[in-house]
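Novice: Numbering-wise (UniProt numbering), the sequence shown opens with residue 1 and increments by one.
Heads up, the beta-carbon is just placed ideally off N, CA and C, and yes, glycines get one too.
There's a structure below that I have some questions on.
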Amino acid sequence: MPKDKQSVDDSVGATGTSTSSGSRKKRKHKFTKINVEFGQEVSTSDLALKSIPSKPTTIEKVWWEAWKDGESARSLFLDEDMMPFQRVSEAAVAFNKDRAWPTMESQVRNRWDQFQVYVGLLENASGDDFSRLSTFVQDPSRVIQVYLSSYFIEKGLHFSQYNCDIIPKLLHFYTNFLLVNDVLPGKETDLRHALSIIETARIELALFHSIGQVCPDHFNLTLKEILSTKNSVATVQIIDHSLSAKADVSEKNQNSAGHEPDSTAEVSSVPLQGETGSSATSEWPGGLVISQPISAWGADPVAGWGSADDEGADTSGWGAAVTRKRSASPLEDNPWGTLDTSPPASSFVSSHIKNSLPKTHVLGLVEHSVRRVKLMIPPTQRTEEVECEQGDDPLAVALEDELCHIYWTAVLEPWPIEEAEESASIPSVSRANVTTHATEDRAIVDEGVVSDLYVGKVASHDCLSDDIAIFLEEDTAKALRVGMGLGGTWAQLLRALDRTEDVQKESSDEHRYWFMLELLRILPSYYVV
């Protein structure tokens, strides 16, 4: 027993002696590089290989992604004996309640309530909510189409890119909700057509801003600078007398309230580029003198794209008004204001083109109209030889062939006359051959137009049926979409020899290129009133 005890004590003593002697070496912690997933620590000890738990990364979904998760789930059951307008009303209540709405600052709920007022789901000041709801129940596709086109533009919603993004999304979820829950039995085809219109609106409304920024492009502005200066092109405004009366009443009310009239609303007489002295004017019936150049399709625009002042604005006439900013006060009143130092448009065009154009081409017809983008043709491949018929100007033919190699060609067709709000017109500055129509309400040819001028082999232009072709830069061509409407002023690009009198007049069957003088309206392809 003592022996065993002694052996135990020795082992403990030996151990104690070994420890106290300091012969034990400190172990070094070895670290191993390991492949880790996102959110984990990048190193661990070989003594205790433990991974520190990472905090879960949560990405908050935007409202349309959150709504999309439960989009296909049918959650509404309605009594079959309910009237259609009752079913739509009950569906609106369920649609409002069974989803997470974003904050008020997002304006999503505000835009949704605006649509509910439009279709009659909410009461409005005029008290016609029931008739509006009945119209929506009978033809929901047509109501949505009008809302996303003429109403959308009339209320100025197109001036905000944010509205152009969220409103089609809202209407997509609502229309799909009606379709999935069979709210309107027998209207499945109509609702699917509405969904296709909403998808088109999502694409085309987003293009409004970019189209307004690039049209007219540098090349078309160069043609305007070169050709319209010596021809004194004027644009004549189509006047809505009801709007003029409203403006007079509004001005009187402002003056009586002690407010000064807004100087930016006045249209001043501005000379064309290259002119010195006063600008030309054209007389309008009633003794009104219209200064040039001014807007031709309704009220003269003031604010630019995306301006907060345009929110909810009422823009009359064709489609979306293409606006450009004006300075709030003259430069002398703002000595610290910035000067416009942007280079002229002609500086972006090759010198041999802009030097040749005044020698080879002249201004022909000028047309105010809305046209639809029919076809977009990319630049053609270069050929070694250019065909030139007898009697044609080789330089003009070669220049047009060069333009086809450099620029895109957009073919524009007349907007369908049955869907038009305004008639096409030929202003008095036109000097070419134009086809007149007996019904003046379809095409207006101003007094003073030289419509029987000899223009060689060029066919007489019919603004109600003939297509026109214009050259566009690549960025401009990519901003456009086939089917969309462009309202503005178009000018014919005649060859100089077309104006040369010839004793032996040949048959008129040729067409000439055109160019864009100004863009005043943009329409989606599904536009209806």
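Sorted by chain position, which residues of the same chain lie with C-beta nearer than 7 Å to serine 307's C-beta, five sequence neighbours on each side aside?
Specialist: Caution applies to serine 307, whose pLDDT of 40 falls short of 50 and renders its modelled position unreliable; the value that the coordinates give is listed next. Hits under 7 Å: Phe159.
Novice: The beta strand (DSSP E) with threonine 409 in it runs from where to where?
Specialist: Residues 408 to 414.
Novice: Going by C-alpha to C-alpha distance, which of Trp514, Glu473, Asp475 sits closest to cysteine 463?
Specialist: Of the listed residues, the one whose Cα sits closest to cysteine 463 is Trp514.
Novice: In the DSSP assignment, what residue or residues form a beta bridge with phenylalanine 515?
Specialist: Answer is Ala491.
Novice: On the DSSP bridge list, what partners appear for methionine 82?
Specialist: Paired residue(s): none; methionine 82 is not in a bridge.
Novice: So histidine 352 and leucine 494 are in contact, right, with Cβ under 8 Å, and what is the actual spacing, rounded?
Specialist: Not quite, the Cβ-Cβ distance comes to about 20 Å (not below 8 Å), so this is no contact.
Novice: Can you tell me whether serine 228 is buried or exposed? The criterion is at least 16 other CB atoms within 10 Å of its CB, across all chains shown.
Specialist: Classification of serine 228: buried, given that the 10 Å Cβ count is 16 or more.
Novice: Identify, in the order they occur along the chain, each residue of the same chain with its Cβ nearer than 6 Å to the Cβ of tryptophan 64, setting aside the five sequence neighbours on each side.
Specialist: Hits under 6 Å: Lys169.
Novice: Based on DSSP bridge pairs, tell me the residues matched to isoleucine 377.
Specialist: Per DSSP, Thr409.
Novice: Which same chain residues end up closer than 6 Å to proline 102 when comparing Cβ atoms and leaving out the 5 residues on each side of it in sequence?
Specialist: Result list for proline 102: Trp63, Val108, in chain order.
Novice: Just how far apart, CA to CA, sit glutamine 492 and aspartate 98?
Specialist: If you take the alpha carbons of glutamine 492 and aspartate 98, they lie about 58 Å apart.
Novice: Quick check on residue 547: does DSSP put it in helix, strand or coil?
Specialist: Nothing in the structure corresponds to residue 547, since the chain is present only between 1 and 529.
Novice: Smallest Cα separation from phenylalanine 115: which of Asp129, Ser106, Glu105?
Specialist: Ranking Asp129, Ser106, Glu105 by Cα distance to phenylalanine 115 puts Asp129 first.
Novice: For lysine 359, does the count of other Cβ atoms within 10 angstroms reach 16, so buried, or fall short, so exposed?
Specialist: Classification for lysine 359: exposed.
Novice: Using the beta-carbon count (16 or more within 10 Å), is methionine 82 buried or exposed?
Specialist: Under this definition methionine 82 is an exposed residue.
Novice: Across which residues does DSSP place arginine 371 in a beta bridge pair?
Specialist: Pro414, Leu486, per the DSSP bridge assignment.
Novice: What would DSSP say about glycine 471, mapped onto helix, strand or coil?
Specialist: Sequence inspection shows phenylalanine at residue 471; the glycine mentioned does not correspond to that position. Correct three-state label for phenylalanine 471: strand.
Novice: Which residue comes first and which comes last in the alpha helix (DSSP H) that contains arginine 202?
Specialist: Per DSSP, arginine 202 belongs to the alpha helix (DSSP H) from 188 to 204.
Novice: Would you say valine 349 and threonine 222 are within 7 Å of each other, going by their C-beta atoms?
Specialist: Contact: yes.
Novice: Just to confirm before moving on: does the CB-CB distance between serine 191 and leucine 178 stay below 7 Å?
Specialist: According to the sequence provided, residue 191 is leucine. The question's serine does not apply to it. Going by C-beta atoms, leucine 191 is nearer than 7 Å to leucine 178.
Novice: Let me check understanding here. Comparing Cα to Cα, which of Tyr526, Pro140, Thr380 lies closest to valine 183?
Specialist: Comparing Cα-Cα distances from valine 183 to each of Tyr526, Pro140, Thr380, the minimum goes to Pro140.
Novice: Can you name the start and end residues of the alpha helix (DSSP H) that phenylalanine 130 belongs to?
Specialist: Element bounds for phenylalanine 130: 129 to 138.
Novice: For the alpha helix (DSSP H) containing alanine 459, name the first residue and the last one.
Specialist: From DSSP, alanine 459 is part of no alpha helix (DSSP H); its letter is neither H nor E.
Novice: Which residue's Cα is closest to the Cα of valine 366: Trp415, Arg481, Glu518?
Specialist: Nearest option by C-alpha distance: Glu518.
Novice: Distance cutoff 7 Å, beta carbons only. Does serine 460 sit that close to anything in chain C?
Specialist: The displayed structure is made up of one protein chain only, and chain C is not part of it.
Novice: Between serine 356 and glutamate 225, is the Cβ-Cβ spacing less than 7 Å?
Specialist: No, these two residues do not count as a Cβ contact at 7 Å.
Novice: Determine the direct distance from the alpha carbon of arginine 202 to that of glycine 487, and round the result to whole angstroms.
Specialist: Taking the straight line joining both Cα atoms gives about 21 Å.
Novice: Which word fits tyrosine 162, buried or exposed, when buried means at least 16 other C-beta atoms lie within 10 angstroms of its C-beta?
Specialist: Burial call: exposed.
Novice: For the alpha helix (DSSP H) containing threonine 360, list its first residue and its last residue.
Specialist: Where threonine 360 is concerned, the enclosing alpha helix (DSSP H) stretches over 351 to 360.
Novice: Are the CB atoms of valine 137 and phenylalanine 173 within a distance shorter than 7 Å?
Specialist: Result no, Cβ atoms of phenylalanine 173 and valine 137 do not sit closer than 7 Å.
Novice: Suppose you measure from the CA of serine 375 to the CA of proline 416; what does that come to, to the nearest Å?
Specialist: Reading off the sequence, residue 375 comes out as leucine, not serine. Approximately 16 Å, taken between the alpha carbons.
Novice: Can you tell me whether glutamine 145 is buried or exposed? The criterion is at least 16 other CB atoms within 10 Å of its CB, across all chains shown.
Specialist: Buried.
Novice: If you compare alpha carbons, which of Pro394, Arg372, His405 is closest to proline 378?
Specialist: With distances taken between Cα atoms, proline 378 lies closest to His405.
Novice: Could you spell out where the alpha helix (DSSP H) holding aspartate 165 opens and where it closes?
Specialist: Aspartate 165 -> alpha helix (DSSP H) spans 161 to 180.
Novice: Can you tell me whether leucine 49 is buried or exposed? The criterion is at least 16 other CB atoms within 10 Å of its CB, across all chains shown.
Specialist: Reliability of the predicted coordinates at leucine 49 is poor, the pLDDT of 44 falling under 50, and the value obtained from them is presented with this limitation in mind. Exposed, by the Cβ-count rule.
Novice: With DSSP as the reference, identify every bridge partner of valine 366, one or two as the case may be.
Specialist: BP columns for valine 366 point to Ala491.
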